[in-house]
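For the sequence shown, position 190 matches number 190 in full-length UniProt numbering, and the numbering has no gaps at all.
Below is one structure, written out as structure tokens; the observations come after it.
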Amino acid sequence: MAVSKPTISVEVVSDIVCPWCYVGKRRLEKAMQHFEGKAQFDVHWLPYQLNPTAGPEAINKLQYYNDKFGPARVAQIIPNMQSTFASEGLQYSIGGETGNTRRAHRLMAWAAKEHGLAKQDALAEQLFQGYHCKEQYVNDTDFLLAAAAAAGLPRDAAAAALEEAGPGEALVQQELGKFAGVNGVPHFVVNGRHRVGGAQSPEVFAELFEELLQQQPAAA
């Protein structure tokens, strides 16, 4: 009789505009690759808004960073992020515009609910890549729908999910309350109880996964 692989669930509290969340995604993926054939992973992206009061209008990303952190600190942040992204095979850009991420979270929540976690993860990749590497505006309807299409999601249903009256908003409200005590992202919750804060190294995740597999024999 074939033996099924144990499943490890990973809930990721994140915001699309958080560069460390994209770095954390890459590092998590590297750790999971080490367990190919040993375990399967259910990765569920959950919403967090770094700037929930942001209006619907676009804001110059560099100007926003300068206003929030000060030009001197931003001058240190940018090369650090460029180096960190490069180490993960990514190209970081401070160019473009930023803004409210609520509609992106609606799209993400709807994708998971209606089309499964794999599709949601593919959408997360498109959104992170577009915003952090290709200077796409996170609240732009065309960008959001293009990301959905690239992830294999139906465009018309995705457009409906973006709206406040659509299916995504209720899901976001529900999911925001799940880990309401989280005050920094990325934040990973593994198997519902083991918490990992920040974009930790692949080794940190791998050590936890190995420990869990030793405790959880594969089901027949």
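All C-beta atoms, glycine included, are put in the ideal place defined by N, C-alpha and C.
| Query | Result |
| --- | --- |
| Residue from C18, W45, S4, I16 whose Cα sits closest to the Cα of F188 | W45 |
| Backbone secondary structure at D156 - three-state DSSP | helix |
| Whole beta strand (DSSP E) elements within the segment 150 to 220, 3-residue minimum | 187 to 190, 194 to 197 |
| Candidates A54, A72, S201, P47: closest to L173 by CA position | It is Gln, not Leu, that sits at residue 173 in the sequence shown. The candidate whose alpha carbon is nearest that of Q173 is P47. |
| Residues near H105 by beta carbon distance below 6 Å, same chain, minus five either side | P47, V172 |
| Touch test, the segment 75 to 91 against the segment 3 to 18, Cβ-Cβ under 8 Å, three pairs minimum | no |
| Spatial distance of K113 from L123 (CA atoms) | 13 Å |
| Bridge-paired residues (DSSP) for S14 | P47 |
| Reference A170, options W110, D121, A118, closest by Cα | W110 |
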